[in-house]
Amino acid sequence: MSEEEESVLPKKMKSQTIQTLHDTIDREWSALQRTACQTAAGRALWNHVIHDPVADVLAGESFLKSLREKISKDKLNNAREVSGVILAVRTLWFDSKLEAAIKSFGEGEAQVVLLGAGMDARAYRLSCLKESNVFEVDFAELLQIKASLMQEAMGSAEQQRKAMVAKSVTSVAADIRDGDWLEKLQVSGFAPEKSTVWLLEGILYYLPHLNAMEVLQTIAAKTLLTKTVLLADFMNESSASLSLSTYHFYSDWPDQLLEALGFPNIKLSQIGDPDANFGLLHDPQNLFNRLRSLPRSTKTNPEDGTPCRRLYLVEASGSPKQSI
Ligand SMILES: C[S@@+](CC[C@H](N)C(=O)[O-])C[C@H]1O[C@@H](n2cnc3c(N)ncnc32)[C@H](O)[C@@H]1O
5 MSEEEESVLP
15 KKMKSQTIQT
25 LHDTIDREWS
35 ALQRTACQTA
45 AGRALWNHVI
55 HDPVADVLAG
65 ESFLKSLREK
75 ISKDKLNNAR
85 EVSGVILAVR
95 TLWFDSKLEA
105 AIKSFGEGEA
115 QVVLLGAGMD
125 ARAYRLSCLK
135 ESNVFEVDFA
145 ELLQIKASLM
155 QEAMGSAEQQ
165 RKAMVAKSVT
175 SVAADIRDGD
185 WLEKLQVSGF
195 APEKSTVWLL
205 EGILYYLPHL
215 NAMEVLQTIA
225 AKTLLTKTVL
235 LADFMNESSA
245 SLSLSTYHFY
255 SDWPDQLLEA
265 LGFPNIKLSQ
275 IGDPDANFGL
285 LHDPQNLFNR
295 LRSLPRSTKT
305 NPEDGTPCRR
315 LYLVEASGSP
325 KQSI
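So for the sequence shown, this note's numbering puts the first residue at 5; every next one is plus one.
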């Protein structure tokens, strides 16, 4: 490690236990599981707009270093979009919609299910979750190491409990591609009749089409039972074709898809829209603002011939009253 890197690393990152845990991640986790650290690195390096005190520990040195280098290069080149801005906007969009959804439920307990939770630390950073039971669904090996990193970051189990903002956090080890994730969720204490926010951030496009559709259908069916809000990001076909080996599910019209599945209320936003820019995308000529000015049916940007790669942020909701 160079002296410069050593000096930018926060003290806690130098703990031997944290470094050993991250060595295991580098050695043993699949590329898919490591995307969890990439997104945490985004939150850690955009900490002037996202307050996530454990993001750096959860991300680990190698992911922080590689994103830090990209950001420096972008700044040097006066890039219109600085690396990580899309992650920052996405995180803030999910935060604000989650808060609004919980408010819309009114008094009482709510449930929040984070499918593909990765290194999400919302249960420790969002005060709107204080009456909510949070369920984090991800691969067993990821959740185990995350728990150890959290404990190390916070000092002790007792300090971790004190730092927790949510009413409870439950880890649910499951592969969403297997048919039993909902059962595992219920065995872990998820109550189907309670108002629920389903937060699917950076997960759907990693799932095969059949599994992604099964997840969306399962959540849509919950609108018949209780107040249900789904928050999810969707890649369009051009975005998913960037890496056919990594991305699978896509939808060019997720609003229509969710309507067909039975959600009565749907709002779709694109990065850069008034509810999805958070003052971070000033340049009208940046990629996201140029895309927004083109009809959604346009597949190729007429200005430069590049594919229109879009990320849609979608909020869909419903409740039994609306279904009658
Ligand atoms: C890009 S990360 C996003 C993590 C987190 N939602 C965030 O925004 O920071 C994708 C996450 O989905 C998880 N994931 C992908 N496929 C999964 C599957 N089949 N079952 C359970 N988790 C999965 C990965 O392990 C990883 O933690």
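C-beta: ideal position from N, C-alpha, C; glycine also.
Residue i and residue j closer than 7 Å at C-beta
| i | j | result |
| --- | --- | --- |
| E113 | E135 | yes |
| L246 | S152 | no |
| M123 | A44 | yes |
| D265 | Q221 | Before going further, note that residue 265 is Leu rather than Asp in the sequence given. In this structure, Q221 lies closer than 7 Å to L265 by Cβ. |
| I207 | G88 | no |
| N290 | E85 | yes |
| A48 | A35 | no |
Where residue i falls: helix, strand or coil (DSSP)
| i | result |
| --- | --- |
| P299 | coil |
| Q274 | strand |
| N281 | coil |
| V61 | helix |
| M239 | strand |
| G206 | coil |
| E187 | helix |
| L317 | strand |
| N51 | coil |
| V86 | coil |
| L219 | It should be pointed out that residue 219 corresponds to Val in this sequence rather than to Leu. Helix. |
| P1 | Beyond the ends of the chain as shown, which are 5 and 328, falls residue 1; an answer cannot be given. |
| V169 | coil |
| T304 | strand |
| L71 | helix |
| Q200 | Before going further, note that residue 200 is Thr rather than Gln in the sequence given. DSSP places T200 in strand when its eight states are reduced to three. |
| P311 | strand |
| F194 | coil |
| S160 | coil |
| I3 | Residue 3 is absent from the structure shown; the chain starts at 5 and stops at 328. |
| S19 | coil |
| H26 | helix |
| H252 | coil |
| T227 | coil |
| A125 | coil |
| W97 | helix |
| L246 | coil |
Euclidean distance between Cα positions of residue i and residue j
| i | j | result |
| --- | --- | --- |
| L186 | Q260 | 25 Å |
| I106 | A92 | 21 Å |
| F67 | Q23 | 13 Å |
| K188 | V219 | 14 Å |
| F109 | Q115 | 10 Å |
| K74 | G46 | 11 Å |
| E111 | P268 | 23 Å |
| A225 | Q155 | 37 Å |
| A195 | L102 | 19 Å |
| A320 | L262 | 7 Å |
| K150 | R300 | 38 Å |
| K303 | M17 | 44 Å |
| C132 | M217 | 29 Å |
| F282 | I90 | 11 Å |
| W50 | D182 | 34 Å |
| V117 | W33 | 23 Å |
| G64 | C41 | 7 Å |
| S243 | S19 | 38 Å |
| N240 | W257 | 8 Å |
| V138 | V53 | 23 Å |
| K271 | A280 | 12 Å |
| Q37 | N293 | 31 Å |
| S323 | R31 | 45 Å |
| D237 | D287 | 23 Å |
| L71 | T39 | 13 Å |
| S11 | K69 | Annotation note: pLDDT 43 at S11 (below 50); position unreliable, coordinate value reported separately. Each residue's Cα considered, the two are about 12 Å apart. |
| V61 | T21 | 11 Å |
| S192 | L229 | 19 Å |
| Q190 | D56 | 29 Å |
| I223 | E197 | 13 Å |
| Q164 | L147 | 16 Å |
Strand pairing of residue i, partner residues [DSSP]
| i | result |
| --- | --- |
| G322 | T232 |
| S136 | A114 |
| T174 | F139 |
| N290 | Paired residue(s): none; N290 is not in a bridge. |
| N81 | Answer by DSSP bridge pairing: none, since N81 is not bridged. |
| A268 | Ala is not the amino acid found at residue 268; the sequence shown has Pro there. None, per the DSSP bridge assignment. |
| L153 | DSSP output for L153 lists no bridge partner at all. |
| L119 | V141 |
Quiz item: Looking at C-beta atoms only, is the number of pairs between the region 306-313 and the region 205-222 that lie closer than 8 Å three or more?
Solution: The region 306-313 vs the region 205-222: no contact.
Exercise. Take every Cβ of the region 80-90, pair it with every Cβ of the region 151-168, and state whether three or more of those distances are shorter than 8 Å.
Key: no
Practice problem: Report yes or no: do the region 270-283 and the region 309-323 share at least 3 C-beta pairs separated by less than 8 Å? | Solution: yes
Quiz prompt | Sufficient close CB pairs (3 or more, under 8 Å) joining the region 194-204 to the region 224-233 | solution = yes
Exercise. Evaluate the contact criterion for the region 115-134 versus the region 246-255: three or more CB pairs, one atom per stretch, below 8 Å.
Key: Contact fails between the region 115-134 and the region 246-255, because fewer than three Cβ pairs, one in each stretch, are under 8 Å apart.
Quiz item: Is there contact here, the region 85-104 with the region 166-182, by at least three beta-carbon pairs under 8 Å?
Solution: no
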